[in-house]
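Our numbering puts the last residue of the sequence shown at 886; the count rises by one with no breaks.
What follows is a short report on a single structure.
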Amino acid sequence: MNAKPSSLTQNVVPGVDWVGAIHWNRRLFDGLIPLPDGTSYNSYLIRGEKTALIDAVDPEMTGLLLANLESLKVNHLDYVISQHAEQDHSGGLAEVLERYPEAVVLGSPRCRDLLIDFGLATADRISPVADGQVLPLGGKTLQFISAPWVHWPDTIFTYLKEDRVLFPCDFLGSHLASSDLYASQDAYQPAKRYYAEIMMPFRTSIQKHLARIDGLEVEIIAPSHGPLYDRPRLILDAYRDWSSDQVKNEVVLPYVSMHGSTEAMVQHLVSAMIDRGISVKPFDLTRTDLGSLAMALVDAATIVLGCSTVLTGPHPAVAHAAFLANALRPKARFASVIGSYGWGGKMVQDLAALIPNLKVELLDPVVIRGYPRPEDRRSLDRLADLILEKHRNIGIA
Ligand code: FEO
């Protein structure tokens, strides 16, 4: 027997209720992203004379969404606003449309096409909306804002004029399961982790969207993941900082050592950089949570890859970290490689070929045969000197 899920709704402002789902024990997203704090799929019910639902949760949680709507005695839905077609916000759409056959889906034209491709709605149920389009519900007025590339091309934000609530979909969200409706300072780290993993590749779009939000009066930010913000500056200022071109006097050093040689080099370079007043974040990739590494990449001026040699190329875990950094497009300005080999190889060329998206100046690598000798340690000291000089030249050290 399938137990009926326990409903949970929370009132945001009069006429607006959170009707989403908290996924307390989810630990992986996209088969890639660790979720140490779980997540939520936020849906919102807006009731004027007409009724609109914003987003339709992950498919695993559809029963909960429907139970929430039933608990609020929602017998009729005029609109389902699909802000983004990705299944964690649209997975329940087909069942919602079945339960509410009168409802019309509103979304961007790109979202419409994706929803059809994903088999979540048919064309006759979807009405595309344009940037700036206004939807009067009677007592509540919604405006749609086209917001592509945070993080898909189909995203729209929804702005509720009377209550000054902005629903920015994935943007400004966090993977954080919380019983608190609103974010506290504790939400900063999960929000930064989420930014690093999902939003960082889109800094240019983010800067444009932040400028657009500046033109709105916003009292509450209600994203589609994680807690809401009743102090919007908490998250808006953080995004301005993270997405700015400003880097910090920090070095991120992901590495793998097979037999201790690269480890000895990493330890020496870490100490040399600390001696020079540079913050260092080393990550042993055999035990690193990739989300922590992504977070460290948000601010760092320099990335140094510490690499052992497997056969003739880089250790696959370091190649994976380089591939990931290339995809996330952090704003680092400098990069280098240190590492060790036994009988030769082309580790540096292979790693450099993996990071074409990074707009970095490559600093001379320190790659040695075997265990580091005194002259190798001096080479690492010179690399630390060079990093400090580069950081000073851009005014951060
Ligand atoms: Fe939370 Fe892009 O879906």
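Each residue gets a CB set at the ideal place from its N, CA and C atoms; glycine is no exception.
Bear in mind the structure is a predicted one, so any value in this text is a computation, not a measurement.
- The Cβ atoms of aspartate 577 and valine 546 lie closer than 9 angstroms to each other.
- Three or more beta-carbon pairs separated by less than 8 angstroms are not found between the region 599-607 and the region 727-745, which leaves the two stretches without contact.
- Per DSSP, glycine 780 is not a residue of any beta strand (DSSP E); the alpha helix (DSSP H) it occupies stretches across 779-786.
- When DSSP states are grouped into helix, strand and coil, serine 579 belongs to the helix group.
- By the criterion of a C-beta distance shorter than 8 angstroms, aspartate 853 is surrounded in its chain by Ser825, Leu872 and Leu875, once the five residues flanking it on both sides are discounted.
- Here glycine 628 is exposed: its Cβ has fewer than 16 other Cβ atoms, across all protein chains shown, within 10 Å.
- According to DSSP, residue pairing for leucine 631 in a beta bridge involves Leu624 and Leu649.
- Using a Cβ distance threshold of 9 angstroms, glycine 715 and serine 663 count as a contacting pair.
- Two segments are said to touch when three or more pairs of C-beta atoms, one from each, lie closer than 8 angstroms; by this definition the region 740-757 does not touch the region 675-684.
- Within 10 angstroms of the beta-carbon of glycine 581 lie 16 or more other beta-carbons, which makes it buried.
- Considering only Asp606, Phe691 and Asn514, the residue with the shortest C-alpha distance to lysine 820 is Phe691.
- In the DSSP assignment, tryptophan 731 falls within the unbroken alpha helix (DSSP H) covering 722-732.
- Between the C-alpha atoms of leucine 555 and methionine 762 there is a straight-line separation of about 55 angstroms.
- If you draw a straight line from the Cα of proline 625 to the Cα of leucine 631, it comes to about 6 angstroms.
- Residue range 789-799 is occupied by the beta strand (DSSP E) that includes threonine 791.
- The beta-carbon separation of alanine 711 and valine 501, rounded to 6 angstroms, stays under the 8 angstroms limit for a contact.
- About 17 angstroms separates the Cβ atoms of tyrosine 533 and histidine 512, ruling out a contact at the 8 angstroms cut-off.
- Ranked by Cα distance from methionine 550, the first of Ser579, Trp731, Arg729 and Leu705 is Ser579.
- In the structure shown, glutamine 499 adopts extended strand secondary structure according to DSSP, grouped into three states.
- Taking C-beta atoms under 8 angstroms as the contact rule, alanine 753 and leucine 786 fail to qualify, at a distance of about 25 angstroms.
- Between histidine 698 and isoleucine 767, the C-beta spacing is not below 9 angstroms.
- Minimum Cα-Cα distance from valine 618 among the listed residues Phe633, Leu758 and Ser868 corresponds to Phe633.
- The C-beta separation of isoleucine 695 from threonine 647 comes to about 18 angstroms, leaving the pair out of contact by the 8 angstroms criterion.
- With respect to the 9 angstroms criterion, leucine 661 and isoleucine 724 are classified as neighbours on the basis of their beta carbons.
- When C-alpha distances from valine 799 are compared across Val793, Asp839, Arg822 and Ala783, the shortest belongs to Asp839.
- Aspartate 567 has its Cβ no nearer than 8 angstroms to any heavy atom of the ligand FEO.
- Boundaries of the beta strand (DSSP E) around alanine 824: 823-830.
- According to the DSSP assignment, glutamate 739 belongs to no alpha helix (DSSP H) but to the beta strand (DSSP E) extending over 737-744.
- Counting along the chain, proline 863 sits inside the alpha helix (DSSP H) bounded by residues 863-882.
- Nearest to tryptophan 832 by C-alpha distance, out of Asp659, Gly552, Gly802 and Asp764, is Gly802.
- Proximity of the beta carbon of histidine 578 to the ligand FEO is indicated: a heavy atom of the ligand is located closer than 8 angstroms.
- Between valine 563 and threonine 528, the C-beta gap is not smaller than 9 angstroms, which leaves the two residues out of contact.
- Methionine 747 and arginine 822 have their C-alpha atoms some 29 angstroms from each other.
- In this structure, serine 750 sits away from proline 863, with a CB-CB distance that is not shorter than 9 angstroms.
- Pairing leucine 561 with valine 508 gives a Cβ-Cβ distance under 9 angstroms.
- According to the DSSP assignment, alanine 541 belongs to the beta strand (DSSP E) that extends over 540-543.
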